[in-house]
Ligand code: NCD
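In the numbering used here, the protein residues as written are 284 to 645.
Encoded structure:
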């Protein structure tokens with residue numbers, strides 16, 4: 284196991300020069316930040332998934348739900364969302380409530396002193412005076428890392444959880460996606476050996492970038508990237524797949540790949556990143572799932588989507604048993620609760636409660 288290193292041992296310039304997996308060693312120290320998908324090992328992900336399932340089962344009973352609410356009453360979290368969010372914000376907020384952690388939020392930077400000219404760094408340092416954890420979404424790639432680094436050089440080095448940064452990373456979405464894949468393939472040999480198909484705006488979708496990397500931790504997976512040429516997956520992701528010896532294929536049509544898919548991960552067009560006068564929306568019309576082409580999928584295949592959706596999944600298939608996107612969203616709450624608990628190193632209390640009490644299965 285690699286020796287953990289603290290962020291206050293390194294300059295910002297040095298940190299920026301490191302590879303993603305080298306950076307991960309610094310994020311996993313004390314405090315434990317969650318900033319990039321590359322910081323996780325398969326073992327850590329599996330531990331989080333197991334913990335999420337225990338929390339889910341404990342929460343089904345009133346006594347269990349009451350127990351969970353005692354775990355983090357001494358902690359507060361700040362939700363700083365400088366970009367729109369429904370699911371990520373609500374699931375993090377729900378995860379905090381589940382564990383008894385009180386929350387504060389800023390969802391519109393126009394309501395913070397940033398409008399008075401305060402730097403985002405000073406704003407975040409101010410938040411850190413009142414909270415024990417910062418959960419943040421930000422339009423600028425790498426900004427969460429900068430904040431974690433900056434706080435590690437103060438006397439309140441609190442953990443930072445990246446809830447989506449720029450077009451580059453969404454590590455907690457990747458965790459909930461992996462948890463969904465694990466649960467779905469529990470009785471079908473797990474994630475190893477599966478064909479995972481990504482469809483849509485793969486160039487600017489941060490969820491795909493983070494999940495593609497996390498899948499390199501599994502054996503014999505094959506990844507398919509289906510997109511119009513102008514929105515194909517970026518070379519830096521393919522480079523990471525090459526380094527990890529993961530098989531992949533890029534394609535520009537959807538239908539031929541459907542019968543092979545074990546999981547199909549649909550994404551929307553990310554047109555908020557369009558340049559002025561650019562119109563990428565029309566290029567997506569051949570990258571949709573509907574009642575007809577979904578018939579080509581195996582009966583055991585699952586359909587995923589980080590949501591929100593546009594037209595890429597017809598509402599006609601929402602009640603198909605293979606449609607996993609609603610459950611995927613709820614899984615986000617459980618895995619985020621597991622992550623928060625792990626961040627504060629309080630998971631042992633759940634383990635002993637789980638061992639000493641009976642739980643409804645499933
Ligand atoms: C995603 C995001 O914000 O990157 N949404 C989410 O967190 N579930 C996907 C998207 O916006 O398309």
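Heads up, the beta-carbon is just placed ideally off N, CA and C, and yes, glycines get one too.
DSSP beta-bridge partners of residue 420: As a working note, residue 420 is residue 137 in the chain shown. Within the DSSP secondary-structure output, residue 420 pairs in a beta bridge with 364.
Residue 456 CB to nearest heavy atom of the ligand NCD below 7 Å: Here residue 456 is taken as the residue at index 173 of the chain shown, counted from 1. Of the heavy atoms belonging to the ligand NCD, at least one sits nearer than 7 Å to the Cβ of residue 456.
Three-state class that DSSP yields for residue 437 in the structure shown: The count along the chain shown starts at 1 and reaches residue 437 at position 154. It is coil, neither helix nor strand.
Unbroken stretches of the beta strand (DSSP E), 3 residues or longer, contained in the stretch 511–551: Positions of the beta strand (DSSP E) runs, each at least 3 residues long and wholly inside the stretch 511–551, are given as 530–534, 546–549 in order along the chain.
Residue from 406, 448, 415 with nearest C-alpha to residue 424: One-based indexing of the chain shown puts residue 424 at position 141. Of the candidates 406, 448, 415, the one whose C-alpha sits nearest the C-alpha of residue 424 is 448.
Three-state class that DSSP yields for residue 504 in the structure shown: To locate residue 504, count along the chain shown from 1; it is residue 221. Here residue 504 sits in coil by DSSP.
Same chain, Cβ closer than 6 Å to residue 566, five either side skipped, listed in chain order: For the purposes of this step, residue 566 is taken as the residue at position 283 of the chain shown. These residues qualify, in order along the chain: 511.
C-beta contact flag for residue 629 and residue 354 at 8 Å: In the chain shown, counting from the first residue as 1, residue 629 sits at position 346. In the chain shown, counting from the first residue as 1, residue 354 sits at position 71. Taking 8 Å as the Cβ cut-off, residue 629 and residue 354 qualify as a contacting pair.
Residue 304 beta carbon less than 8 Å from that of residue 289: The residue you call residue 289 lines up with position 6 of the chain shown. The residue you call residue 304 lines up with position 21 of the chain shown. Contact: no.
Exposed unless 16 or more other CB atoms sit within 10 angstroms - verdict on residue 307: As a working note, residue 307 is residue 24 in the chain shown. Buried, since its Cβ has 16 or more Cβ neighbours within 10 Å.
Sequence-distant residues of the same chain with beta carbon closer than 6 Å to residue 557, five excluded per side: The sequence position of residue 557 within the chain shown is 274, counting from 1. Around residue 557: 563.
Residue 509, DSSP secondary structure in three states: Residue 509 sits at position 226 when you count from the first residue of the chain shown. Residue state for residue 509 is assigned as strand, using DSSP reduced to three classes.
Cβ shell of residue 640 (< 8 Å), same chain only, five flanking positions each side left out: Working through the chain shown from its first residue, we reach residue 640 at position 357. Exclusion of the five residues before and after residue 640 leaves 341, 346, 347 as the residues of its chain whose Cβ lies within less than 8 Å of its Cβ.
Distance between residue 404 and residue 439 (C-alpha atoms, nearest Å): Counting from one through the chain shown, the residue named residue 439 turns up at place 156. Counting from one through the chain shown, the residue named residue 404 turns up at place 121. One C-alpha to the other measures close to 14 Å.
Burial state of residue 413, where buried means 16 or more other Cβ atoms lie within 10 Å: Indexing the chain shown from 1 puts residue 413 at position 130. Counting the other CB atoms within 10 Å of its CB gives residue 413 a total below 16, which places it among the exposed residues.
Where residue 557 falls: helix, strand or coil (DSSP): The count along the chain shown starts at 1 and reaches residue 557 at position 274. DSSP places residue 557 in coil when its eight states are reduced to three.
Boundaries of the beta strand (DSSP E) in which residue 481 is found, first to last residue: Within the chain shown, numbered from 1, the residue matching residue 481 stands at position 198. For residue 481, the enclosing beta strand (DSSP E) starts and ends at 478–482.
Residue 428 burial status per 10 Å Cβ neighbour count (16 or more: buried): Counting from one through the chain shown, the residue named residue 428 turns up at place 145. Buried.
Other residues of its chain near residue 325: CB distance less than 6 Å, five sequence neighbours each side excluded: Residue 325 sits at position 42 when you count from the first residue of the chain shown. Answer for residue 325: 500, listed in chain order.
Sequence ranges, beta strand (DSSP E) only - wholly within the stretch 333–414, length at least 3: Restricted to the stretch 333–414, the beta strand (DSSP E) segments that are unbroken, complete and at least 3 residues in length are 359–364, 385–389, listed in chain order.
Classification of residue 442 by the beta-carbon crowding that lies within 10 angstroms, buried from 16 upward: One-based indexing of the chain shown puts residue 442 at position 159. Under this definition residue 442 is a buried residue.
Segment contact, 8 Å Cβ cut-off, at least three pairs: the stretch 540–559 with the stretch 482–492: Yes, the stretch 540–559 is in contact with the stretch 482–492.
Option nearest residue 467 by Cα separation, candidates 546, 431, 529: Counting from 1 along the chain shown, the entry for residue 467 is found at position 184. Residue 546 is the option with its Cα nearest to residue 467.
Proximal residues to residue 390 (C-beta, below 6 Å), its chain only, five neighbours per side dropped: Numbered from 1 along the chain shown, position 107 holds the residue referred to as residue 390. Excluding five sequence positions before and after residue 390, the CB atoms of its chain that fall closer than 6 Å to its own CB belong to 364, given in chain order.
Any non-hydrogen atom of the ligand NCD closer than 7 Å to residue 371 Cβ: Locating residue 371 in the chain shown gives position 88, counting from the first residue. It does: the Cβ of residue 371 is within 7 Å (strictly closer) of some heavy atom of the ligand NCD.
Any non-hydrogen atom of the ligand SAH closer than 7 Å to residue 553 Cβ: Here the bound small molecules are the ligand NCD; the ligand SAH is not part of this structure.
Cβ-heavy atom distance, residue 449 to the ligand NCD, below 7 Å: Along the chain shown, read from residue 1 onward, the residue named residue 449 stands at position 166. Incorrect: residue 449 has no Cβ contact closer than 7 Å to the ligand NCD.
Rounded C-alpha distance that separates residue 459 from residue 322: As a position in the chain shown, residue 459 is number 176, starting the count at 1. As a position in the chain shown, residue 322 is number 39, starting the count at 1. A direct Cα-to-Cα measurement between residue 459 and residue 322 gives close to 15 Å.
Residue 415 classed as buried or exposed, judged by whether at least 16 other C-beta atoms fall within 10 angstroms: Working through the chain shown from its first residue, we reach residue 415 at position 132. By the 10 Å Cβ count, residue 415 comes out buried.
Contact check, residue 335 vs residue 621, beta carbons under 8 Å: Residue mapping note: residue 335 aligns to position 52 of the chain shown, counting from 1. Residue mapping note: residue 621 aligns to position 338 of the chain shown, counting from 1. At a Cβ-Cβ threshold of 8 Å, residue 335 and residue 621 count as neighbours.
Check whether residue 444 and residue 333 have beta carbons under 8 Å apart: Your numbering for residue 444 matches position 161 in the chain shown. Your numbering for residue 333 matches position 50 in the chain shown. It is not a contact, given that the beta carbons lie outside the stated cut-off.
Distance cut-off 7 Å: residue 591 Cβ against heavy atoms of the ligand NCD: For the purposes of this step, residue 591 is taken as residue 308 along the chain shown, with counting starting at 1. It does: the Cβ of residue 591 is within 7 Å (strictly closer) of some heavy atom of the ligand NCD.
Nearest to residue 330 (by Cα), restricted to the options 462, 378, 436: Along the chain shown, read from residue 1 onward, the residue named residue 330 stands at position 47. Per the C-alpha coordinates, the member of 462, 378, 436 positioned closest to residue 330 is 462.
Inter-residue spacing [alpha-carbon to alpha-carbon] between residue 426 and residue 504: Locating residue 426 in the chain shown gives position 143, counting from the first residue. Locating residue 504 in the chain shown gives position 221, counting from the first residue. So the two alpha carbons sit approximately 31 Å from each other.
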